[in-house]
Amino acid sequence: MCEIINLPQHEEGGECYKVYSAVRITQQVVQTTTTQTPPPAPVVSTASFAVLDEIATFTTAPVCPDAINTSVPLGRLRTALRNSAYLRKDTLLDAFIVFFSDEHLSEEPSPEERRLEYISGWDGAGTAAVLADGGAAIWVPSGDVHNARATLSCAWEVLDGDDPSQRTISEWIVDRLGRKGRVGGDARLTSVVEWQTISSSLHREGLLLIDVPTLVDQLWNDEVDPPRRRPEFSKIVANKHQMEYVGMSWREKVSAVRNELRAVGAEAIIITALDEVAWLLNVRGRDVPYAPLLKAFVIVSLRDVRVFAPPGKLSMPVRKALDVYNCYTNNCTRVSDYTAIYDELRRSSESKILIPAAGTFQRGASAAIAQSVPLSKRVFLLSPIIYLKAQKNEAEAKGMRKAHLRDAVAMCTLFSYLENKSGLSEMSVQTTVDITRETQAGYVGPAMQTRVAYGPSAVEPEYRPNNATNRRIYKNSTLVIRSGGQYDEGTTVVTRTVHYGTPSREERRAYTTVLRAVAALSAFTAPSTLPAAHADPVARAPLWAADQDYPHPTGHGVGAALNRREDPVVIDYRQDTNLHTLREGYFITCEPGWYEPGKFGIRLGNVVEVIGKPNEYLGFREATLLPYEPKLIDKNMLTEYEITWLNGYNDRIRKIVGPELMSQGLTDVYYWMMNKTAPYELPSKAKKAQMNSAVHIAGIREIVALISFISLTLFS
């Protein structure tokens, strides 16, 4: 019996022996009831009744093998909490928190930093996991809850990290440990706010949170199971990002940062976000999966620049550009080992050090970084690089446009190819997307994990196909493809929905409504003082008029050959405390959607450039140049203004993308693009009157929706 449920053997009287004995008693009772002459009833002691109670518990709640298997990572970590070989005897633990991110709190940790995946097996995004005697739990985003529950082992309780009604990490721990115990965690891998919040909550219940920085690393480094062994750290060196792409020297950028430091009374800043490091130093690396970033810390003071990078990661051209050699002035760079950052902060001579606070997407500096700075020297503020980086200069903006042109060629090639193929699946399309981009010059890699969703799968905005869920693609529903590319010149993100059969009226209505949402935001003009989040109802109004909405933000910033999701702006009315305004030179996404439960999903996504207008107004210009699907567009739902906008967009595709397709010899793709961008005729006067009547009703509902939002904003 012990072998069957994977329990370790115990001597007589142990837990496994009792379960085994209970099962044997059950078998004897069953055998007795089937004989004609039962033996005399045995004398049953009180202890035997306790064993029979265990039978009931055992038979109604089977033991999960992974929950008690000491050879899997979860079991090894649970054992290590009480093992002095891993911890000092005075720091043995009752529970442990495994955080999702790396030392830079990156949104997409590199494979060798995915400690949460190693312990739990969950390969998606997450917040943290906790294990204690008798249980283990993991917190994932709302969009991933269903997938996590379907894929994780029975040892894990999956909780929605976005649902305030569910237990928090500290509440779960208190439920398990009561009012006494020691909880471990790695302060390098979580934010200051999260660490302090958990620590305070536990302290109120008599529990202590202890920083144990390398426990999971020790277990992972000692892993003997080949599939679970820790991947090697990237050995690819970082290289210079050419001036034609960046437009400013690193010295000019450092000077701008120093001006910001003087303005807030700080003498230094610790830069922890990898995209900020790459932007400041004008370098690009290959240390994380979906962005060309270098794993390093940087300290910029009023007198010097210090870089902390793994050995051998800075190429000779980078070192030469940064004036690493013979550095005696404040216009050069000193390079130290990556791990020396914590000691450097402890002994720093600056009186005030700016520690990055959490932004819109960036989570700021880690708790370990903050704790390394003496308390009297800490200044918590948003990193000034957030704003400097988000507002692209002319060279960066030109590079972004060039990257989107290359991406348009790749995506036109992809969709023209897919249109005539059969026998496709979600995963085969996913692979084809990534391969097609590789044909373009300057391509570095994907900017995100490509998401392909067909039919009911597309109802989940963050759906990712796997071997268990991989759907065949037929001609009776919609196919949504979300993807992005990293190029030398810039970063792209694009979403399109297609249909390879005859779409239903419901599908055409949904698609056209989403297209109208794209048109509304793309054509929007507003004062430069308007918070970006407050532009969201403009995009959502067509969906609200149809009694629809979508659970994700409409848009976010996009980096220039950096992260696909960039601070500071987000277009989401639910984040009404985010008052960051748009600025000329920002690049943002516009990604509305329609999700019909159990049926289909529709999503369209472009990157748009924020452009200046007269009288301090701002507008948008599409950087993404990829045709929409004509068969999914119900022209009768479009206003004359929207038809004019769509014709203008299609005309730009023809004039900008068309010549590039021909220059690359993609004649078939060129004619595919021309067919998809054929102009729509404007309605006649009679037809216009009929259309205006129908659109007028819808327009009234959209206006009512906008007025309702404005009222809530002004008077709440």
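Heads up: the sequence shown runs through residues 1 to 716, numbered per UniProt numbering. For each residue, glycine too, the CB sits at the ideal point set by N, CA and C.
Note that the region 176 to 188 touches the region 90 to 98; at least 3 beta-carbon pairs, one per stretch, sit closer than 8 Å.
Pairing Trp279 with Lys389 gives a Cβ-Cβ distance under 8 Å. Gly484 is a Cβ neighbour of Arg564, given a cutoff of 8 Å. Setting aside the 5 residues that flank it on each side, Asn606 is surrounded in the same chain by Cys590, Glu622, Thr624, each with a C-beta closer than 6 Å to its C-beta; the list follows chain order. Ranked by Cα distance from Asp634, the options Val444, Ala510, Gly598, Lys320 are led by Ala510. When the beta-carbon positions are compared, Pro592 and Val514 come within less than 8 Å of each other. As for any alpha helix (DSSP H) of minimum length 4 sitting wholly inside the region 349 to 388, the runs are 367 to 372, ordered along the chain. Within the UniProt domain "Peptidase M24 C-terminal" (616 to 679), the runs of alpha helix (DSSP H) that reach at least 4 residues and sit entirely inside it are, in chain order, 640 to 663, 667 to 676. When secondary structure is reduced to three states using DSSP, Ser425 falls in the strand class. Gln486: member of the beta strand (DSSP E) spanning 478 to 487, first to last residue. Around Ala519, the same chain offers Glu642, Trp645 as residues with beta carbons nearer than 6 Å, after the five sequence neighbours per side are excluded. Bounds of the alpha helix (DSSP H) holding Leu281 are 274 to 281.
When the five nearest sequence neighbours on each side are left out, the beta carbons in the same chain lying within less than 6 Å of the beta carbon of Gly285 are those of Ala238, Leu293, Leu294, in order along the chain. In this structure Asp567 does not touch Ala533 by the C-beta definition: roughly 13 Å separates them, more than the 8 Å allowed.
In chain order, Leu280 place their CB closer than 6 Å to the CB of Lys253, counting only its own chain and leaving out the 5 sequence neighbours on each side. Relative to the Cα of Ile435, the nearest Cα in the group Pro446, Gly442, Glu103, Ala358 belongs to Pro446. One thing to note: Thr497 has its Cβ within 8 Å of the Cβ of Leu479.
About 39 Å separates the CB atoms of Ile385 and Val174; that is not less than 8 Å, and the two are not in contact. When the beta-carbon positions are compared, Pro289 and Glu112 stay at least 8 Å from each other.
The residue from Ser153, Val158, Ala136 with its alpha-carbon nearest to that of Gly143 is Val158.
The three-state reading of DSSP puts Trp544 in helix, counting H, G and I together.
Residue pairing by DSSP places Ile210 opposite Gly184 in a beta bridge. With respect to the 8 Å criterion, Ile270 and Ile198 are not classified as neighbours on the basis of their beta carbons.
Here the alpha carbons of Leu661 and Val140 stand approximately 42 Å from one another. For Asp287, the CB contacts under 7 Å within the same chain, skipping 5 residues up- and downstream, are Ser110, Ser234, Leu293, Leu294, Lys295 in chain order. If you draw a straight line from the Cα of His203 to the Cα of Ile210, it comes to about 11 Å.
As summarised for the UniProt domain "Creatinase N-terminal" (93 to 219), the continuous beta strand (DSSP E) elements at least 3 residues long and confined to that stretch are 95 to 99, 128 to 132, 135 to 140, 157 to 160, 181 to 185, 207 to 211, given in chain order. Taking the Cα positions, Val569 is about 6 Å away from Gly557.
A distance below 6 Å between beta-carbons, with the five flanking residues on each side excluded, links Arg508 to the following residues of its chain, in chain order: Leu632, Asp634. Proximity of the region 162 to 176 to the region 117 to 132 meets the contact definition, three or more beta-carbon pairs being nearer than 8 Å.
Distance from Ile138 to Leu74 at the Cβ level is roughly 10 Å; contact not present, criterion being Cβ atoms closer than 8 Å. In the pairwise beta carbon analysis, the region 304 to 313 is classified as not touching the region 467 to 482: fewer than three pairs are separated by under 8 Å.
The DSSP assignment places complete alpha helix (DSSP H) segments of no fewer than 4 residues inside the region 291 to 341 at 316 to 321, in order along the chain.
Following the DSSP letters along the chain, one finds His404 inside the alpha helix (DSSP H) bounded by residues 394 to 418. One thing to note: Tyr550 has its Cβ within 8 Å of the Cβ of Tyr595.
Scanning Ser249, Glu223, Phe100, Val300 for the CA closest to the CA of Glu260 turns up Val300.
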